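For reference, the structure is listed below as structure tokens.
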Amino acid sequence: MKKTTLFLSLIFCSATLLAQEVENRFQFGARAGVNFSTVTGDDFEEPNSRTSFYAGLVAETFITEKFALQGEVFYSGQGFDIEETTFAGVTVTPEAEFQIDYIQVPLLAKIYLIEGFNIHAGPQFGFKINEELDTDPTGDGGDFDTDRIKDFDFQLAAGAEFKLTKSFFIQARYTYGFSEIVEDTDAHNSTFSAGIGFMF
């Protein structure tokens, strides 16, 4: 009887420790924040950045105490702003906002330098879901659908993150697109983002 009780106790303790280990090694969460995006390249005069937002889900799994892998899927509002240009008192180019919205899927490697603080980097795959030109950014009208931007964008993402608690974190990230966003044109996405997140 004593052996049976001891055996069952060992199984229960082992199962409890394993559950805690799995919980600590794998976490789901959500993140959101602000984007400052533009396009850059030799064939494209760099315009002003568009300010928008991102929001989505995140999953992190620890391989070791200091190294983790993270996958994400999120909406990302990107694009750029065009300033109004006049010549001899006549408006040649009106103020406009070129909106390019993506579903982004990054796969990141994370290195924890100190407790709670990590740097991360990895490939990111962007799938275009919307593209339009807004010639009246401050009003309700002036939206025109366009079809110049390619549907897929391969990017590299890199950033830093600090976990304020076990659940809450803040982060900053830069993403550069290696794909030409317009066919045969040296124009690439360039986005800086900053935001907060919560791990469940």
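Under mature numbering (1 follows the signal peptide of the UniProt record, and there is no 0), residues -19 to -1, 1 to 181 are what the sequence shown spells out, in order. Ideal Cβ positions, reconstructed from N, Cα and C, are used throughout, including at glycine. Note that the coordinates shown come from a computational prediction; the quantities given were computed from them, not determined experimentally.
- Per DSSP, the beta-bridge partners of residue 104 are 137.
- Residues of the same chain with a CB within less than 7 Å of the CB of residue 97, apart from the 5 flanking positions on each side, are 143, 144 in chain order.
- DSSP places residue 129 in the coil class of the three-state scheme, outside both helix and strand.
- Ranking 85, 103, 78, 148 by CA distance to the CA of residue 20 puts 78 first.
- Between the segment 56 to 65 and the segment 86 to 95, the count of C-beta pairs closer than 8 Å stays below three; the two stretches do not touch.
- Between the C-alpha atoms of residue 6 and residue 45 there is a straight-line separation of about 9 Å.
- DSSP lists 40, 88 as the bridge partner or partners of residue 52.
- Per DSSP, the beta-bridge partners of residue 18 are 31, 172.
- Looking at the backbone, the Cα of residue 112 and that of residue 13 are separated by about 21 Å.
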